[in-house]
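**Q** Structure provided below as structure tokens; questions to follow.
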Amino acid sequence: MDFCDNSTPRSAVAVYSGGMDSTVMLYRMRELGIEVKGALSINYGQKHAKELEVAASFCRELGILHKVADLSGLQDLFGKSSLTNSGEAVPEGHYEEAQMKSTVVPNRNMILLATATAWAISLEAEAVAYAAHGGDHAIYPDCREEFAAALDKAIQLCDWSKVSLYRPFVSSNKAEIAALGSRLGAGLEKTWSCYKGGELHCGRCGTCVERREAFHLAGVEDKTVYQGSAPSVADLVKSGWKL
Numbered sequence: 001m002d003f004c005d006n007s008t009p010r011s012a013v014a015v016y017s018g019g020m021d022s023t024v025m026l027y028r029m030r031e032l033g034i035e036v037k038g039a040l041s042i043n044y045g046q047k048h049a050k051e052l053e054v055a056a057s058f059c060r061e062l063g064i065l066h067k068v069a070d071l072s073g074l075q076d077l078f079g080k081s082s083l084t085n086s087g088e089a090v091p092e093g094h095y096e097e098a099q100m101k102s103t104v105v106p107n108r109n110m111i112l113l114a115t116a117t118a119w120a121i122s123l124e125a126e127a128v129a130y131a132a133h134g135g136d137h138a139i140y141p142d143c144r145e146e147f148a149a150a151l152d153k154a155i156q157l158c159d160w161s162k163v164s165l166y167r168p169f170v171s172s173n174k175a176e177i178a179a180l181g182s183r184l185g186a187g188l189e190k191t192w193s194c195y196k197g198g199e200l201h202c203g204r205c206g207t208c209v210e211r212r213e214a215f216h217l218a219g220v221e222d223k224t225v226y227q228g229s230a231p232s233v234a235d236l237v238k239s240g241w242k243l
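Position one of the sequence shown corresponds to residue 1 (the UniProt record's numbering), numbered consecutively onward.
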């Protein structure tokens, strides 16, 4: 599969969470010869702040300038998202189940990408790169290509510098990303997906189940360490990836 669905830039600032998708994107950009001028992570008050530590570790390993924008002061504006509200439990199960809508953080990608655009302009990068993929669309409206295309036009108009929005995985699924990451030797087991914020992946929340499904469908060994209470992949397959 061709993972470059829009014009490949010479340089970019990457929105980087430390998760599988954005980590594979960094390795893919390196393979393509794209200069990653910086990787930006965002602290928006998420329970799974461990992802910020993971992002910093990968950037040290790859020799990429890494910054964390502290937007945690906006947490009170995000309503009852289970990712930021301590009173809301992170739901378990497959992403396509109705209860997963509680994980939506209103306008998150607009905020993240606008912040990254400012840094990209300052660093004279040609693009902002982000790793939204086709499987995200079912639950997160700001991962749709329609949103990305509209925002691409907007950020090209926000400054005299012509910064574009590079989204290499927008037509891909997570299994394809897992397969690509395996080929690139991206250290997928070290990436962080879990929304619950523990020391180990819970193996039960929507993003953990999606992660496990991706490895299974890609035929890639999942070396991630999960909590002991996590169901087996065999049980998940038997249940149709539902808990």
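For every residue, glycine included, the Cβ atom is placed at its ideal position computed from N, Cα and C.
On a Cα-Cα basis, can you pick out the residue from 66, 45, 101, 12 that is closest to residue 33?
**A** Comparing Cα positions, the closest option is 12.
**Q** Residues bridged to residue 40 by DSSP?
**A** Paired residue(s): 15, 67.
**Q** Can you find the residues in the same chain that come closer than 8 Å, C-beta to C-beta, to residue 101, ignoring five residues on each side of it along the sequence?
**A** So the qualifying residues of the chain are 139.
**Q** Candidates 107, 243, 41: which alpha carbon is nearest residue 22's?
**A** Checked all of 107, 243, 41; the closest Cα to residue 22 is 41.
**Q** Residue 182 lies in the beta strand (DSSP E); which residues open and close that run?
**A** First-last for residue 182: 174-184, but that is the alpha helix (DSSP H), not the beta strand (DSSP E).
**Q** Whole-angstrom Cβ separation of residue 28 and residue 180, contact assumed at under 8 Å?
**A** 7 Å between Cβ atoms; contact.
**Q** Report the rounded CA-to-CA distance for residue 207 versus residue 126, giving the unit in angstroms.
**A** So the alpha carbons of these two residues sit roughly 31 Å apart.
**Q** What did DSSP end up calling residue 205 once you bin it into helix, strand or coil?
**A** Three-state result, residue 205: strand.
**Q** Under a three-way DSSP split, which group does residue 22 fall into?
**A** DSSP places residue 22 in helix when its eight states are reduced to three.
**Q** Exposed or buried, which one is residue 25 when buried takes at least 16 other CB atoms within 10 Å?
**A** That one is buried.
**Q** Can you have a look at residue 59 and say buried or exposed, based on whether 16 or more other CB atoms are within 10 angstroms of its CB?
**A** Residue 59 is buried by the Cβ-count criterion.
**Q** Assuming contact is defined by CB atoms lying nearer than 8 Å, are residue 170 and residue 203 in contact in what I supplied?
**A** Cβ atoms of residue 170 and residue 203: not closer than 8 Å.
**Q** Note down, one range per segment and in chain order, each alpha helix (DSSP H) of at least 4 residues found wholly within the region 92-142.
**A** Taking only runs of at least 4 residues, the alpha helix (DSSP H) segments lying wholly in the region 92-142 are 108-122.
**Q** Would you kindly work out how many angstroms separate the C-alpha atoms of residue 225 and residue 157, rounded to a whole number?
**A** Going by the C-alpha atoms only, they are around 45 Å apart.
**Q** Checking 8 Å against the spacing of the C-beta atoms, do residue 108 and residue 70 come in under that value?
**A** Going by C-beta atoms, residue 108 is not nearer than 8 Å to residue 70.
**Q** Where residue 186 and residue 62 are concerned, what is the direct C-alpha to C-alpha distance, given to the nearest angstrom?
**A** If you take the alpha carbons of residue 186 and residue 62, they lie about 10 Å apart.
**Q** So is residue 53 buried or exposed if we call it buried at 16+ other beta carbons inside 10 Å?
**A** The residue in question, residue 53, is exposed, as its Cβ has fewer than 16 Cβ neighbours within 10 Å.
**Q** Would you say residue 154 and residue 214 are within 8 Å of each other, going by their C-beta atoms?
**A** Their beta carbons are not under 8 Å apart, which means residue 154 does not touch residue 214 by this criterion.
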